[in-house]
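One structure is given here, and the rest of the page talks about it.
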Amino acid sequence: MGDTIPAISWTLHRPCPLRRQDDLVDPVKARRRLGLVQHCADAMIVGDDIVDGFWVSRTHSRSDAAGNEITIPHGGKRLEDVALPLGGWDKIHAECGSCEANVAGWSGGSVAGCQGAFYLPYVPADRLAASFAETIRRRGLEERLRTHFPPTNPLWYSFWIESPLRRPQCELLLELLPRALSRLACEDESEEQPDSVDLANFSFGQLDHRDYHGKQFREFFAALKAAIEWNLRLRVTLAPPGHGDFGWLTIFPHCPRCKVWATRREGRNRGEGEAHRCEVCGHQFDLQRTARSEKMNMDWDASSLESQLGDQYDAFAVRYAEAKGWTARQMEEALERTHDWQRIRDVERRRKRVRRLEQRFAKEADLAAAGPLPPARTLEIAPGVSLELTLIPAGKFWMGSTSDASEQPVRQVVFTRPFYLGKYPITQEQWTAVMENNPSRNHGAANLPVDQATWLDAQDFCGKLSERLERHFRLPSEAEWEYACRAGTTSRYWWGDAISADDANFAYNGRRPETPATTVEGGPLWRKTTPVDFFPPNPWGLCDMLGNVLEWCQDSWHDSYEAAPCDGSAWIDASEGAHHVARGGGRYGRALDCQSAWRGRAAADRGVTPKVSPEEAANAYFPPAESRQAEYFGFRVVCWPLKLDQSAGEA
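Structure below.
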């Protein structure tokens, strides 16, 4: 048997309007459908976890900024949605109130108590077997056991093979289980057990401090009594391997056909898992494959409150927090930490796509890099819509600066082969041609840069563009971006160490009324994004590298360049976080944000809010916080070298 914890589902079958749709003779199906009804009814009696008509069934904890643990609602159901298919709560209570099968539940107001599940607290297998053997011996149950249950190893599994249980089986289990299991809670298991056991107060003692398992078994004992007294069919089943509700409990080698313990017999070839053969029915199966199949059929987000509530989830979570005694600010801080986990999951999905594209186009890129390459290429994205690429030569440069800790240490980065980089940030016209929508806030001319593009959005665009043009497009690495931006220069900006509004679309410091127009940040106020070809290109022919929109890079965010790669590749952690690098400053950025070495940090699913003083925030020219979340985030793309004869898609 091993030290495993089998989970058993059961149901008392009696014709009932609540079961009318599919009869629910399968214990697992009955528990999935009626268990939710039961839990909602119990929650309504207590009332602690009911908010806005939702029962909050699952929570997790995150800390706020002060380190306090805040409980965040994660799963649940709208109460009326649960009851409506069954006729409403009044009808449910009327049907269950006088039903002899309604045996489970902790209060007299419980409903749908004709089903349940149980599993043992952790007990070593040899101790469990010894307790059964001693109870059988003392009670003289050997002959009845051989008559009513098929012999299997271990005994515990044999009880759940036949379903529904016959009356003699119910009687034997009701005599054996309470006594054998109560022995497990005794310090001295050798002492005599009383002839009768108080089933209503059965518990596992110190093995089950919260009485979680004891409650489960009390309900099952009540089901055994009801099956005997009312001649009801009591159906039982052992949860299959990988079962969604008890998967973490039941990954052990029992047979998916007859649910009996199985012993490993032989191994298969590498990559095909392990073969098992059931000692009772002879069925051969692959445990890992069976478990994987069960899990793939589960809808893991079915009860997610965030999925059900959508944009209203955060407001719901705040009301939940206030009902629990926390402040709205505490919940908002805790939610930000929760959203990081969800962002990481979304980032991982995009990274997998990038890796697949890299593998797909790796051979073509190597062949292309071996030959001469033109300094510029133009690819047709759609009729009348093209993408201009500029060849960035192989070479080396000093990356970083000493002006900020995040830009240190300054190090030399070497590029051994050239690459193509978009001459301009992706425009709204290009975005619309590929994605068939336009998220930008600043609509206008076709050559305005796309804005309000998150890092995840940019990855999706690159993936679709790669599929469309059969070439590998991706975001530039942080090193590629700075190398291309500097274009051989070493000054703060590619044109020198000073900046004016005639050089780039940037700045809010220079927009204060008291700031003279002759200062370094003087010049016209653009107030919105400008066309991508409005300002002069840098020495390598790239436009808008500084200002206008911040540009996403491929890299994960790191607080400094310590241990960063020196070959120009993107710095991506094995366990990647939710924040990524953005470069180049933007139309709301300060002068220092537009320096070639400046680095920005932003969450993958949104932009960042610039840090502003109260005076700057009060400036009529500076937009309110709610309007600038991702407003000035765009990107440009890298394409691996193209062979001269690779002309498909050329404009």
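Residue numbers for the sequence shown follow UniProt numbering, so the first one is 1 and each next one is one higher.
Ideal Cβ positions, reconstructed from N, Cα and C, are used throughout, including at glycine.
- Secondary structure remark: continuous alpha helix (DSSP H) runs of at least 4 residues inside the stretch 162 to 227, in chain order: 167 to 183.
- In terms of Cα proximity to T327, the closest of N231, L232, D64 is D64.
- Beta bridge pairing from DSSP links I72 with H60.
- When beta bridges are read from the DSSP output, G53 appears opposite no residue.
- With a 10 Å radius around the Cβ and a threshold of 16 neighbouring Cβ atoms, T416 comes out exposed.
- The beta carbon of S403 lies closer than 6 Å to none in the same chain, with the five residues before and after it left out.
- By the Cβ neighbour-count rule, C566 is exposed, with fewer than 16 other Cβ atoms within 10 Å of its own.
- L542 is a Cβ neighbour of A484, given a cutoff of 7 Å.
- For W156, the enclosing alpha helix (DSSP H) has its first and last residue at 155 to 158.
- The stretch 531 to 558 is shown to contain whole beta strand (DSSP E) runs of 3 or more residues at 550 to 556, in chain order.
- Under a 10 Å Cβ-count criterion, D211 is classified as exposed, with fewer than 16 other Cβ atoms of the shown protein chains found around its own Cβ.
- If you ignore the 5 residues before and after S491, its C-beta comes within less than 7 Å of the C-beta of D497, all in its own chain and listed in chain order.
- In the pairwise beta carbon analysis, the stretch 553 to 562 is classified as touching the stretch 473 to 481: at least three pairs are separated by under 8 Å.
- Per DSSP, reduced to three states, the secondary structure at F506 is coil, with no helix or strand assignment.
- DSSP, read as helix, strand or coil, puts C639 in strand.
- In this chain, H472 is not harboured by any beta strand (DSSP E), its DSSP state being neither H nor E.
- Straight-line spacing of the CA atoms in H60 and E69 works out to 10 Å.
- Per DSSP, reduced to three states, the secondary structure at L128 is helical.
- Distance from the CA of Q595 to the CA of I344, rounded to the nearest whole angstrom, comes to 29 Å.
- Considering only D573, A564, R606, the residue with the shortest C-alpha distance to A582 is R606.
- Counting only the Cα atoms, L387 lies some 25 Å from W495.
- No Cβ-Cβ contact shorter than 7 Å links F506 with G600.
- Under the criterion of beta carbons closer than 8 Å, L18 and L86 qualify as touching, at roughly 6 Å.
- Beta-bridge analysis with DSSP links K352 to no other residue.
- Note: Y119 is bridge-paired with A7 in the DSSP secondary-structure output.
- Rounded to the nearest whole angstrom, the C-alpha separation of A200 and L176 is 16 Å.
- For W398, the enclosing beta strand (DSSP E) stretches over residues 395 to 399.
- Taking the CA atoms as reference points, L391 sits about 25 Å from R353.
- Ranking H209, C114, G444, T71 by CA distance to the CA of A323 puts T71 first.
- CA-to-CA, the gap between W398 and S569 works out to about 15 Å.
- If you look at A317, you'll find it in the alpha helix (DSSP H) that goes 313 to 324.
- When only Cα atoms are considered, Y632 and E562 end up about 29 Å apart.
- In this structure T378 is exposed. Its beta-carbon is surrounded by fewer than 16 other beta-carbon atoms within 10 angstroms.
- Take the alpha-carbon of V28 and the one of H213: they are about 18 Å apart.
- Here D544 is buried: its Cβ has 16 or more other Cβ atoms, across all protein chains shown, within 10 Å.
- For V56, the CB contacts under 6 Å within the same chain, skipping 5 residues up- and downstream, are D49, P73, G76 in chain order.
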